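See below for the structure under consideration.
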């Protein structure tokens, strides 16, 4: 997962986005090299101007020193919906913390512990668009208000509501934005779990399927169930 931030965001209006390279020769080096582009503009932004959520409430936001990432499910054309209890969040960029397919065997011999100290789960593993195996996000998405963007045209407020009596969570975007508007298309992520056969694991040959084009679906893996997730950037949190 990689991004470049514009110098400033104005909620509900266009952000001047810079292009990203979706097919680096070395995924870890490309991802790590772009991390330096994140901190300066976000830190410089300080506190955001108060912004209105979808319910009309006016909220002040603090910018994040490090961008966070939402793994979201839903109709790309929806402005609100249910199912946010199935959304997750990466507090740290999982890209630079990921591992290549050829590193997996050694990692399994070391108890499934990655160099970045996260643990690989053979029954629930994730891939990103460059073919890096990455850590799982944290589930569920905590309720609250978040300033989100897809680093294209729209930056707006996402509200995640508390769980109802059935354990369901609603989500809603402000400014008439759709989920697609705040999805970062170059970032792709998918969750792989065992299918009916019970065997589901990444192989070295799978690396030939990468990188994945922006907006495209992630490749299937034999024996696995696959769920593609949209990726949203969190650039501000409720003050």
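Residue numbers (my numbering): 417 to 655.
All C-beta atoms in this analysis are idealised placements derived from N, C-alpha and C, irrespective of residue type, glycine included.
Keep in mind it's a predicted model, so treat the numbers as computed, not measured.
**Item:** Assigned exposure category for residue 661 - 16 Cβ within 10 Å defines buried
**Value:** This structure gives no information on residue 661, because the portion of the chain shown stretches from 417 to 655.
message: Assuming the contact rule is C-beta atoms closer than 8 Å, residue 587 and residue 496 should be a hit. Round their C-beta distance to whole Å, please.
response: Indexing the chain shown from 1 puts residue 587 at position 171. Indexing the chain shown from 1 puts residue 496 at position 80. Right, their Cβ atoms sit about 6 Å apart.
Would you call the segment 639-650 and the segment 581-600 touching, i.e. three or more CB-CB distances under 8 Å?
yes
Assuming residue 504 contacts residue 557 (C-beta within less than 8 Å), just tell me the rounded distance between them.
Your numbering for residue 504 matches position 88 in the chain shown. Your numbering for residue 557 matches position 141 in the chain shown. Right, their Cβ atoms sit about 6 Å apart.
At least 3 beta-carbon pairs within less than 8 Å: the segment 610-624 vs the segment 632-645: yes
Q. Between residue 548 and residue 490, is the Cβ-Cβ spacing less than 8 Å?
A. Along the chain shown, one-based indexing puts residue 548 at 132. Along the chain shown, one-based indexing puts residue 490 at 74. No, these two residues do not count as a Cβ contact at 8 Å.
| said: Alpha carbons only, please: which of 532, 615, 594 is nearest the one belonging to residue 493? | reply: Here residue 493 corresponds to residue number 77 of the chain shown, with the count starting at 1. The shortest C-alpha separation from residue 493 is found at 594.
Requested in this report: Verify whether the separation of the beta carbon atoms of residue 550 and residue 513 is less than 8 Å.
Outcome: Taking the chain shown and counting its residues from 1, the one referred to as residue 550 is at position 134. Taking the chain shown and counting its residues from 1, the one referred to as residue 513 is at position 97. Yes; because the gap between Cβ atoms is below 8 Å, this pair is in contact.
- Buried or exposed: residue 553, going by 16 or more other Cβ atoms within 10 Å of its Cβ? In the chain shown, counting from the first residue as 1, residue 553 sits at position 137. So residue 553 ends up on the buried side.
Original post:
Counting Cβ pairs closer than 8 Å, one from the segment 612-627 and one from the segment 536-545, do we hit at least three?
Top reply: yes
>> Tell me which residues share the same chain as residue 535 and place their Cβ nearer than 7 Å to its Cβ, disregarding the 5 neighbours each side in the sequence.
In response: Counting from 1 along the chain shown, the entry for residue 535 is found at position 119. Closer than 7 Å at Cβ, skipping near neighbours: 528, 529.
Distance, Cα to Cα, residue 480 vs residue 581?
-> For this step, residue 480 is matched to residue 64 along the chain shown. For this step, residue 581 is matched to residue 165 along the chain shown. Each residue's Cα considered, the two are about 32 Å apart.
Cut-off 8 Å between Cβ atoms - residues of its own chain near residue 618, not counting five sequence neighbours on either side: The count along the chain shown starts at 1 and reaches residue 618 at position 202. Correct list, in chain order: 517, 520, 541, 543, 549, 608, 637.
- Task: Can you tell me the Cβ-Cβ gap for residue 477 and residue 653, rounded? I've got them flagged as a contact below 8 Å.
- Result: Here residue 477 corresponds to residue number 61 of the chain shown, with the count starting at 1. Here residue 653 corresponds to residue number 237 of the chain shown, with the count starting at 1. Indeed they touch by this definition, with Cβ atoms about 6 Å apart.
### Message
Buried or exposed, going by whether 16 or more other CB atoms sit within 10 Å of the CB of residue 487?
### Response
Numbered from its first residue, the chain shown carries residue 487 at position 71. Buried: at least 16 other Cβ atoms inside 10 Å.
Residue 598 (DSSP reduced to helix, strand or coil)
Against the chain shown, residue 598 aligns to sequence position 182. In the structure shown, residue 598 sits in a helix (DSSP, three-state: H, G or I).
**CA-to-CA distance, residue 651 to residue 566, given in whole angstroms** = Counted from its first residue, the chain shown places residue 566 at position 150. Counted from its first residue, the chain shown places residue 651 at position 235. About 10 Å.
ask   = In its own chain, which residues sit with a C-beta less than 7 Å from the C-beta of residue 570, not counting the 5 before and 5 after it?
value = Position 154 of the chain shown, counted from the start, is the residue given in the question as residue 570. Hits under 7 Å: 593, 597, 598.
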